[in-house]
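For the sequence shown, full-length UniProt numbering assigns the number 1 to the initial residue and increments by one for each residue that follows.
We put the beta carbon where it would ideally sit given N, CA and C, even for glycine.
As structure tokens, the structure follows; a few thoughts come after it.
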Amino acid sequence: MKKTIFLLLLPAILIAQEKTTTTTQKQQGAYDTNKFSQMYDLLATPNMFRTASGAPGPAYYQQQADYKIDLELDDKNAKVSGAETITYHNNSPDKLEYLWLQLDQNQAAKNSQTPLAENERIEQVLTPNKFTNEYLKQGLDRGFKIEYVKDAKGNPMKYTVNQTMMRIDLPIAMKPGEKISFSIKWWYNINNYQQDGFRSGYEFFEKDGNRLYVIAQFYPRMAVYNDVEGWQNQQFWGTGEFALPFGNFDVNITVPADHVMEATGELQNPAEVFSPAQFKRYELAKKSFDNPVIIVTQAEAEAAEKGFATQKKTWKFSAKNVRDFGIATSRKFIFDAMAVQLGGKVVMATSVYPKEANPLWEETSTRTVAHTLKSYSAHTFDYPYPKAVSVSAEDQGMEYPMICWNFGRPDANGVINPQIKNGMIGVIIHEVGHNFFPMIVNSDERQWSWMDEGLNTFMQYMAEQEMGTNFPSRRGPAKNIVPYMSGDQKMLEPIMSNSESIINFGNNAYGKPATALNILRETVMGRELFDHAFKTYANRWKFKHPTPEDFFRTMEDASAFDLDWFWRGWFYSTDVVDIGITEVKQYYVTDTPTTELKNSKLRKGRFGEEKGPFVYLVNGTNQELKEADKKALKIDEFKLLSDYVNEKLTAEEKASLNAPKYFYEVAFNKPGGLIMPILVEITYEDGTTENFKYPAQIWRKNNDTAKKVYATTKAIKKIEIDPKLETADIDVTNNSWPKAEVKSKFD
1 MKKTIFLLLL PAILIAQEKT TTTTQKQQGA YDTNKFSQMY DLLATPNMFR TASGAPGPAY
61 YQQQADYKID LELDDKNAKV SGAETITYHN NSPDKLEYLW LQLDQNQAAK NSQTPLAENE
121 RIEQVLTPNK FTNEYLKQGL DRGFKIEYVK DAKGNPMKYT VNQTMMRIDL PIAMKPGEKI
181 SFSIKWWYNI NNYQQDGFRS GYEFFEKDGN RLYVIAQFYP RMAVYNDVEG WQNQQFWGTG
241 EFALPFGNFD VNITVPADHV MEATGELQNP AEVFSPAQFK RYELAKKSFD NPVIIVTQAE
301 AEAAEKGFAT QKKTWKFSAK NVRDFGIATS RKFIFDAMAV QLGGKVVMAT SVYPKEANPL
361 WEETSTRTVA HTLKSYSAHT FDYPYPKAVS VSAEDQGMEY PMICWNFGRP DANGVINPQI
421 KNGMIGVIIH EVGHNFFPMI VNSDERQWSW MDEGLNTFMQ YMAEQEMGTN FPSRRGPAKN
481 IVPYMSGDQK MLEPIMSNSE SIINFGNNAY GKPATALNIL RETVMGRELF DHAFKTYANR
541 WKFKHPTPED FFRTMEDASA FDLDWFWRGW FYSTDVVDIG ITEVKQYYVT DTPTTELKNS
601 KLRKGRFGEE KGPFVYLVNG TNQELKEADK KALKIDEFKL LSDYVNEKLT AEEKASLNAP
661 KYFYEVAFNK PGGLIMPILV EITYEDGTTE NFKYPAQIWR KNNDTAKKVY ATTKAIKKIE
721 IDPKLETADI DVTNNSWPKA EVKSKFD
């Protein structure tokens, strides 16, 4: 006859008691606050432009803007002037009555609204230089001076400048599929970025009287028009970066004849701008895959520093399918390059830097560029552009297609501080990496800084760790974001906040999203699923304009992993991770019931008759279990009880049965609010350990508490949550049982 076995559980040792309340009043209904709710309330509705899978839809379109620019640098007066012809392609299904262009340089204009929008306070300790700049100097007007806007026939066009935006009114609306060409002439005064700030300008070297120029946002640029916002017309206040359409650039840049230059695009006339010896080295670098070739030597650069040539020279660059253009030029530049094999293509890794950057830059920069291209390509797509350039520009860190400026130099005696070296390597990886996000996967930086800074910082972390040098990454490891996430909630805002609304920009736009993605890869999804989904996103949206929804949906679509709970918590809230152990109950097995268990209803059948036999789980500590060993059910007897469950067990099945002697019921809570998997490490009395990982769905029916049972053959000495600090838990004092002693800062 088949009999039934019941396992009866009683509470034993309480670590903490839950509070209960009773009320006689009828409770009111509530809105859905389940953290596992699907995100239909937050995400844009899928349509023909952007699908529910996160891929571009059949009606997806994007505009194109092509530029022909002639630019001249006045080195004596630190002034740049230019003329451009823009050909704009309307690939949208809409008629366009006007065009919007970005005039980001107007942030530095005399009438700029940016300083007026910033809060101010008196700083009581200032350097003489800062005091002079703050209160004594009358700065130059560094905004755009527009000389004309003309149509293809040379006729003036009506335009209106609104701070950092310019509207050109069209006499006849552009129809879908049409293109229009027009010309603009302008000039502006270049700023000393070390004194005046801003993302580009010049660095002045007092010892030799030279300037090193990094020039960007130097031309009126087309704004993005798309299916999400129409015209992207938010002003440039200084934080939110740039949303730009793709196009082709042909740029001629006239500079003093002794200058050396790098810029976006392929150099069209190297034999004209380099000396014969330099040109020979330039060609040799294209075949050097192991070490950089120095094209312009330090001796040549030092000789040029003294010349201050009055003659001019024009460098010609051509770039296809890029969204912007950047230039670096100086007579101080040393120039080196090496070849990088990516798939079936050779890409040039290049650096330009003054002698003040050596020996650090000659030893490190170009090799770091090459490593970055290999690492990022492996996780996304093969780098499609012909080169990537790192420019030594002190106090800078900024990116443009194929070129970026990076800080980090030795001291005046050439001594290399390890922290400065690591900082320089990190910023080179980061800025070169921006070629992928957002220069190719072209998100809207003006709206969502995290889509370029956060994704790129995550990629930077992987590239740093792949160097194999135990690189001290600042952002990416979960534990590094804890000080920010555990801070005052008044100073926190969700990652999904507009770029200009973020208080702690570095942590919110860089650190927190990078950490979230690292946790998603390492702890939630696993590398295989994550890497496939991330690569799918990168390939779906390269050379296109993705939104946050496109990223969220693609990551789920390509992995079969429902992540709405993750996006909702990490990106749309300021919840924090704090998972603790609230209670541990301990039991041993016996066939002798306690007085309380004798009266259990489970012992009685439907009509009150006695049932059985039973197995009882009785509370007790590890020590009590050992002392009560004689009363505990013997292993052989425990195995025989399985016959009551299944009389047809084979001998082999019976032999494979476990024989646990110790039973623990562990209760977890989640005071931080943020849903995360529970990572548990158990240490037994014999010193061995065992790890368990419970998926985030363990919280799906109860946002506050969860319980797990452990049946073991060995007594448990310690239970610890997140022992490797993988989840950014802000309070580890509740992570252990028995509760661990927390050392003070003094200790």
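Beta-carbon separation (whole angstroms), residue i vs residue j, contact threshold 8 Å
i	j	result
residue 476	residue 508	Not quite, the Cβ-Cβ distance comes to about 15 Å (not below 8 Å), so this is no contact.
residue 494	residue 594	Actually they are not in contact, since the Cβ atoms of residue 494 and residue 594 sit about 52 Å apart, beyond 8 Å.
residue 292	residue 338	4 Å
residue 242	residue 446	7 Å
residue 464	residue 471	4 Å
residue 86	residue 222	7 Å
Three-state secondary structure (DSSP) of residue i
i	result
residue 14	Unreliable placement is indicated for residue 14, whose pLDDT of 36 sits below 50; the coordinate value is still reported in the next sentence. Residue 14 falls in the coil class under three-state DSSP.
residue 346	strand
residue 675	coil
residue 758	Nothing in the structure corresponds to residue 758, since the chain is present only between 1 and 747.
residue 211	strand
residue 167	strand
residue 547	coil
residue 50	strand
residue 67	strand
residue 175	coil
residue 237	coil
residue 412	coil
residue 336	strand
residue 631	Residue placement at residue 631 cannot be trusted, given a pLDDT of 49 that sits under 50; what the coordinates show is reported in the next sentence. Here residue 631 sits in coil by DSSP.
residue 454	helix
residue 554	helix
residue 443	coil
Element boundaries [alpha helix (DSSP H), containing residue i]
i	result
residue 521	Looking at the DSSP string, residue 521 is not in any alpha helix (DSSP H), and its letter there is neither H nor E.
residue 370	360 to 379
residue 562	That residue, residue 562, is in no alpha helix (DSSP H); it is neither H nor E in DSSP.
residue 422	418 to 433
residue 285	276 to 285
residue 729	Here residue 729 belongs to no alpha helix (DSSP H), and DSSP marks it neither H nor E.
residue 723	Counting along the chain, residue 723 falls outside any alpha helix (DSSP H), and DSSP gives it neither H nor E.
residue 129	128 to 131
According to DSSP, residues forming a beta bridge with residue i
i	result
residue 231	225
residue 538	Residue 538 is not bridged to any residue.
residue 261	329
residue 582	Paired residue(s): none; residue 582 is not in a bridge.
residue 739	Residue 739 is not bridged to any residue.
residue 84	69, 184
residue 341	346
For residue j and residue i, the rounded distance between their alpha carbons
i	j	result
residue 584	residue 523	25 Å
residue 434	residue 400	8 Å
residue 178	residue 88	9 Å
residue 431	residue 531	22 Å
residue 131	residue 478	40 Å
residue 549	residue 44	7 Å
residue 51	residue 546	12 Å
residue 364	residue 48	47 Å
residue 453	residue 590	60 Å
residue 299	residue 336	13 Å
residue 510	residue 541	21 Å
residue 321	residue 246	6 Å
residue 501	residue 236	13 Å
residue 58	residue 444	21 Å
residue 317	residue 449	29 Å
residue 330	residue 75	9 Å
residue 537	residue 345	22 Å
residue 553	residue 54	5 Å
residue 219	residue 705	57 Å
residue 72	residue 82	6 Å
residue 195	residue 239	18 Å
Residue i beta carbon near the ligand HEM (any heavy atom closer than 6 Å)
i	result
residue 102	Of ligands this structure carries none, so the ligand HEM is not represented either.
Start-to-end residues for the beta strand (DSSP E) that takes in residue i
i	result
residue 398	397 to 400
residue 483	Here residue 483 belongs to no beta strand (DSSP E); instead the alpha helix (DSSP H) covers 482 to 485.
residue 510	First-last for residue 510: undefined, no H or E at that position.
residue 162	159 to 162
residue 250	247 to 256
residue 102	96 to 102
residue 303	Run containing residue 303: none in the beta strand (DSSP E); it sits in the alpha helix (DSSP H), 298 to 305.
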